[in-house]
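Residue numbering for the sequence shown follows the working numbering, starting at 4 and increasing by one per position.
Backbone N, C-alpha and C define an ideal beta-carbon position, used for all residues, glycine too.
First up is the structure itself, then whatever we jot down about it.
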Amino acid sequence: MVYPGANYSRHSHSIGACHNASRMLLAIQRNSGTRVSDKKLQLYRLVGLLHDIGHYPFSHATEHLVKAYYASGIISSSGQNIPLPGSSVIGPQENVPLSYEHEELGELIIRRDVELGNVLRSNGIDPNEVADLFAGKQPSGLRGIISSDLDCDRLDYLRRTAHFSGAPYGSVDIDFIIDQSTLDKDGRFCLKPKALRAADHLLISRYYDYMQVPYNKTVAALEWSLVSGLRALLNAGYVKCSGIDMLDRVVSGSWFQFDDQSVFEDFKKLLRSIADSNSEDDLILKDHLIDIIRRSPPKTVASWEEIVPKANKREDTKTQKLVNFGVREVVERLGINPSRLHVWSSPLQLSKVGPDEDVSDDRSAEAIYVLDPKTKRGRVLNYHRETLLHVLSSHRYVGLRLYYLPEQGEEPSKKIEAIRRIMAEQVEPSS
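This is how it looks when you write it as structure tokens:
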């Protein structure tokens, strides 16, 4: 809705991730002299192809809402068969979370979807082997190809987003980075030293990609309306996403019918059902739903942004408190319904690993390693003092924005100016 050219699909991205996984393994074989079997190559290609299969409609926005909506915990069958919403049952040894994260759901689909399982087995592939590699249950130095700051997924979406959105920040030398893939003497995935600058450039570019695309002010505004609509669908029972419901979708083979288009149709049904309601809650919900359907986002009132040391949480916590206090003042002095105001916040670490941070074995796949010619071992990219990431990885981005949802037909400029004046009394906006 914000970048009209960015109309590529998860299908094309998944094929790109599959292709990257293949190229990375072939480069490793060429550069390290370690033979990669045809079976291993095919398994990694399949995991690249299926890496996003567990995503909900509208991706992370829905996933985060579902997790909060159903809270955390485990539903245990306690030795009994529990009927699912459809015709299937949970076996006596099966534990089901109250909600699934997309990685867990992806593993479940690979293991339990009948059609997918039949396709894999007919080609001599055990679905459980794919699922084990997908979920990181097979310890391997090659894990970074599937899940790291420089995996087959990220190497595809950065360039794809840059190409289709027109934002140039993902235009880095991906081909060179892939061609420099190798293994160190411990069998860990890493890059040859010549790729140091290109990898540093890629991670800096990813930060600007976040600022320009996912954190774009209009994207974030529409996501507020999207999440408000999704929450209403859950409350009204149009959509059910508990662990039991998602397991039933997978076992029954109907999970693929739950997609962006089906949710949009539910938005329209919900809008029709409250069309004649004049309750304040329904009027606000109607405004959110119309904003999504007509692409008329809530208005940005002010923003506060800075890059701060990771260890310094005091200043941005202080700013958050001042913003929240200002919102209460706005509600009291202008009589605005608090549900029409939204404080967006999104801290972002420029790297998962700090410049001097020890990387434990369970986190080793998160880091990018560059081969040290002397020791023949991979050294974490952030440890190289000549890289920008060495400096920036000790910092994080902190962003706060205040959004206002106008009533349909309202001219919001005067109210927005009044809100800005009150907020400026509490904290000076950066823009």
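DSSP three-state assignment for residue i, whether helix, strand or coil
i	result
His58	coil
Gly402	strand
Val216	coil
Lys302	strand
Arg388	coil
Cys244	coil
Ile339	coil
Gln411	coil
Leu153	coil
Glu309	strand
Ala20	helix
Gln32	helix
Ser184	strand
Tyr211	helix
Gly8	coil
Leu256	Here residue 256 turns out to be Gly, not Leu, going by the sequence shown. Coil.
Gln352	strand
Asn98	strand
Pro171	helix
Val92	strand
Tyr103	coil
Ile293	helix
Ile422	helix
Distance between beta carbons of residue j and residue i, contact taken as under 8 Å
i	j	result
Arg163	Gly57	Actually they are not in contact, since the Cβ atoms of Arg163 and Gly57 sit about 20 Å apart, beyond 8 Å.
Ser354	Ser416	Incorrect: roughly 41 Å between the Cβ atoms, too far for contact.
Ala24	Tyr47	5 Å
Gln429	Gly329	4 Å
Arg343	Ile287	6 Å
His54	Asp152	The pair is not a contact, with the Cβ atoms about 15 Å apart (cut-off 8 Å).
Asp203	Leu374	15 Å between Cβ atoms; not a contact.
Ala30	Ile181	6 Å
His398	Pro312	6 Å
Proximity below 8 Å, CB of residue i to CB of residue j
i	j	result
Ser306	Gly402	yes
Tyr400	Ile310	yes
Phe167	Ala9	yes
Asp159	His16	yes
Glu413	Asn340	no
Met426	Leu408	no
Leu136	Pro130	no
Val133	Ile112	no
Val393	Pro358	The residue you asked about is not Val; residue 393 is His in the sequence shown. Yes. Within cutoff.
Leu101	Tyr73	yes
Pro60	Val230	no
Leu250	Leu87	yes
Ser208	Leu237	no
Ala421	Leu337	yes
Val92	Asn98	no
Leu52	Leu28	no
Among the options, nearest to residue i - alpha-carbon criterion
i	options	result
Lys197	Ser208, Gly190, Gln183, Asp187	Gln183
Glu105	Gly246, Ile425, Met214, Ser125	According to the sequence shown, residue 105 is His rather than Glu. The residue with the shortest Cα to Cα distance from His105 is Gly246.
Arg33	Asp285, Pro312, Gln260, Leu186	Leu186
Glu389	Arg200, Ser150, Asp178, Gly127	Arg200
Tyr211	Val175, Arg26, Leu337	Val175
Gln352	Pro142, Leu119, Met214, Asn98	Met214
Ala314	Leu108, Glu360, Gln411, Pro300	Glu360
Thr303	Leu337, Glu226, Glu268, Leu237	Glu226
Ile128	Leu28, Leu384, Asp41	Asp41
Leu1	Cys244, Thr322, Val326, Ile419	Past the edges of the chain, shown from 4 to 434, lies residue 1, and the structure says nothing about it.
Ala170	Tyr6, Lys140, Lys377	Tyr6
Arg298	Gln141, Ala224, Ser62	Ala224
Gly1	Phe179, Leu206, Leu205, Lys289	This structure cannot settle anything about residue 1, because the visible part of the chain is limited to 4 through 434.
Arg380	Tyr103, His14, Lys195	Lys195
Lys140	Val117, Gly36, Glu110	Glu110
Trp347	Glu308, Phe179, Met4, Ser280	Glu308
Ala370	Gly240, Ile419, Lys418, Leu206	Leu206
Ile78	Asp248, Thr378, Thr320	Asp248
Ser35	Pro376, Gln411, Met4	Pro376
Val333	Asn281, Arg424, Glu410, Gln411	Arg424
Tyr103	Asn121, Glu66, Lys418, Gly94	Glu66
Asn281	Gln411, Leu391, Lys418, Ala165	Gln411
Cys21	Tyr11, His14, Leu49	Leu49
Arg26	Tyr372, Val242, Ser62, Asp154	Asp154
Ala239	Glu335, Asp285, Asp262	Asp285
Near the ligand FAD: residue i beta-carbon under 7 Å from a heavy atom
i	result
Ser276	This structure lacks the ligand FAD, and indeed carries no ligand of any kind.
The region 142 to 156 / the region 188 to 206 touching (three or more Cβ pairs under 8 Å)
yes
Assess, as a yes-or-no matter, whether the region 245 to 258 is touched by the region 277 to 293 under the definition of 3 or more beta carbon pairs within less than 8 Å.
Pairwise C-beta distances place the region 277 to 293 out of contact with the region 245 to 258, as fewer than three of them are shorter than 8 Å.
Any contact of the region 212 to 219 with the region 266 to 280, i.e. 3+ C-beta pairs under 8 Å?
no
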